[in-house]
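Below is one structure, written out as structure tokens, with a few remarks after it.
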Amino acid sequence: MSTSTDSARQLLRHAVATVAYRAGKALRGAPDHFSSFHIGDKTRTPSQILAHMGDLFDSALSIAQGKPTWHDSTPLPWNTEIERFLAAVKKFDDHLASIEPLHGSAEGLFQGPVADALNHIGQIAMLRRLAGSPSMGENYFRADIAAGRVGLEQSAPRREFE
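Start counting the sequence shown at 330; every next residue gets the next number (my numbering).
Printed below as a string of structure tokens:
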């Protein structure tokens, strides 16, 4: 692996850890009714968004392995869907951390599934606010985010604000 490819792969791993950190913040402590919160006929519920995010990382792994596939999953119960999403993120990160070849470009994987997931995390955060259960804002530049830390448990925020 070349140095530039290795650097791109490491940056992609950091982006995946950023997804996990921000998703954890948006998902932790959501009220029971939140998963089915709906603001309109043409919008997704948080459960549908989260299922799509899990599908994004399943697809990212399939691309990275050279066997691109896509599935539209039916949302599972909220906590199970959170677990499925985080498991998909971990599998993708594990592949990135391995010596296995990366069949899709790091740039393409970032601009497609990873960036899309960041967008959807913002949607979930906005829906939490609309549902009356906002998560705190944060100075993410100061956040303790590290490649490989992709579970729900993350470092405590360094500087939150409302």
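All C-beta atoms, glycine included, are put in the ideal place defined by N, C-alpha and C.
Computed from a prediction, not measured in an experiment: that's the story for all the values here.
Neighbour-count burial assignment, residue i, 16 or more Cβ in a 10 Å radius
{"i": "M382", "result": "buried"}
{"i": "Q440", "result": "exposed"}
{"i": "D384", "result": "buried"}
{"i": "R488", "result": "exposed"}
{"i": "I411", "result": "buried"}
{"i": "S471", "result": "It should be pointed out that residue 471 corresponds to Arg in this sequence rather than to Ser. Exposed is the call here."}
{"i": "R413", "result": "buried"}
Assigned secondary structure, residue i (DSSP; H/G/I helix, E/B strand, else coil)
{"i": "E412", "result": "helix"}
{"i": "E467", "result": "strand"}
{"i": "E489", "result": "strand"}
{"i": "H432", "result": "coil"}
{"i": "L481", "result": "coil"}
{"i": "R342", "result": "helix"}
{"i": "Q377", "result": "helix"}
Beta-carbon proximity of residue i to residue j, cut-off 8 Å
{"i": "L438", "j": "R342", "result": "no"}
{"i": "A389", "j": "T403", "result": "no"}
{"i": "G480", "j": "L415", "result": "yes"}
Contacting residues, own chain, Cβ-Cβ under 6 Å from residue i (five flanking each side not counted)
{"i": "F386", "result": "A417, V418, F421"}
{"i": "A460", "result": "F363, F366"}
{"i": "R478", "result": "A346"}
{"i": "P360", "result": "S462"}
{"i": "T398", "result": "S391"}
Contacting residues, own chain, Cβ-Cβ under 8 Å from residue i (five flanking each side not counted)
{"i": "I450", "result": "V348, R351, A352, A355, M382"}
Same chain only: Cβ atoms within 7 Å of residue i, ignoring 5 sequence neighbours per side
{"i": "A476", "result": "Q339, R342, H343, A346"}
{"i": "H432", "result": "I392, A393, Q394, G395"}
{"i": "P442", "result": "L385, F386, S388, A389"}
{"i": "D335", "result": "none"}
Whole-number beta carbon distance between residue j and residue i, since they are thought to touch under 8 Å
{"i": "W407", "j": "S427", "result": "Between S427 and W407 the Cβ distance is about 31 Å, and since that is not below 8 Å, they are no contact."}
{"i": "D473", "j": "S484", "result": "4 Å"}
{"i": "I453", "j": "I378", "result": "6 Å"}
{"i": "A337", "j": "E436", "result": "7 Å"}
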